[in-house]
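Below you'll find the structure, written out as structure tokens, and then a few comments.
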């Protein structure tokens, strides 16, 4: 009888303390690994129309990947968040959608002397700016999910929990 009580106490402690940490760490690693695999839940990301000069697909500065954080791990749940004020585009990349840019006009000023004394790349000059107008346009951002529920991740969590519990 005492062994059964002890086993249930150990099991409750495992569920309350150890399991949320394992679930959080596994989910965090899985979501960050999506950028390396360029896939989520065994579904590959759509390729970009143009090949990037720098970085990998969806990784130029690393801000989006770095925005994935474990918010909390508690017995009642685990929360992992991505995005924030530094990466407001996280939701569009994760869910896909249509991005609309409004029409705008800008003035580009490149003051440079063309000829004569004092010319050079950074010399003060009198070359006027050039006005440019851009039409409004919209484009479809394909869904490249990196955070969310995934069967592949759940299988990995089950396996890690089973190994951890059996090695206690």
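Numbering (UniProt numbering), first residue to last: 1 to 168. Beta carbons are placed, not taken as given, at the ideal position from N, Cα and C, and that holds for glycine. In this text the structure is predicted, and so the values were computed from the model without any measurement.
{"Check": "For residue 22, which of helix, strand or coil comes out of DSSP?", "Outcome": "helix"}
{"Check": "Note down, in chain order, each residue of its chain lying with its Cβ closer than 8 angstroms to the Cβ of residue 160, except the 5 sequence neighbours on either side.", "Outcome": "22, 26"}
{"Check": "Could you tell me the boundaries of the beta strand (DSSP E) in which residue 87 lies?", "Outcome": "Note, residue 87: premise wrong, no beta strand (DSSP E); not H, not E."}
{"Check": "CA-CA distance, residue 140 and residue 100?", "Outcome": "9 angstroms"}
{"Check": "Expressed to the nearest angstrom, what Euclidean distance is found between the alpha-carbon atoms of residue 14 and residue 165?", "Outcome": "8 angstroms"}
{"Check": "Just confirm the distance between the C-beta atoms of residue 142 and residue 96, as a whole number of angstroms; I'd bet it's less than 8 angstroms.", "Outcome": "6 angstroms"}
{"Check": "Between the alpha carbons of residue 72 and residue 109, how many angstroms are there, rounded?", "Outcome": "49 angstroms"}
{"Check": "Using a 10 Å radius around the Cβ and a threshold of 16 neighbouring Cβ atoms, would you call residue 64 buried or exposed?", "Outcome": "buried"}
{"Check": "Just how far apart, CA to CA, sit residue 85 and residue 131?", "Outcome": "32 angstroms"}
{"Check": "Just the Cα atoms here: how many angstroms apart are residue 29 and residue 94?", "Outcome": "17 angstroms"}
{"Check": "What did DSSP end up calling residue 107 once you bin it into helix, strand or coil?", "Outcome": "strand"}
{"Check": "Going along the chain, which residues of its own chain have a beta-carbon closer than 7 angstroms to the beta-carbon of residue 20, five neighbours each way excluded?", "Outcome": "73, 74, 75, 78"}
{"Check": "With DSSP as the reference, please indicate the residues paired to residue 44 in a beta bridge.", "Outcome": "39"}
{"Check": "What do you get for residue 56, buried or exposed, if any count of 16 or more other CB atoms within 10 angstroms of its CB means buried?", "Outcome": "exposed"}
{"Check": "Per DSSP, what kind of secondary structure is residue 162 in: helix, strand or coil?", "Outcome": "helix"}
{"Check": "So, under 8 angstroms CB-CB, residue 42 and residue 152 are touching, yes? Tell me the CB distance rounded to an integer number of Å.", "Outcome": "6 angstroms"}
{"Check": "Within this structure, are the beta carbons of residue 45 and residue 144 separated by less than 8 angstroms?", "Outcome": "yes"}
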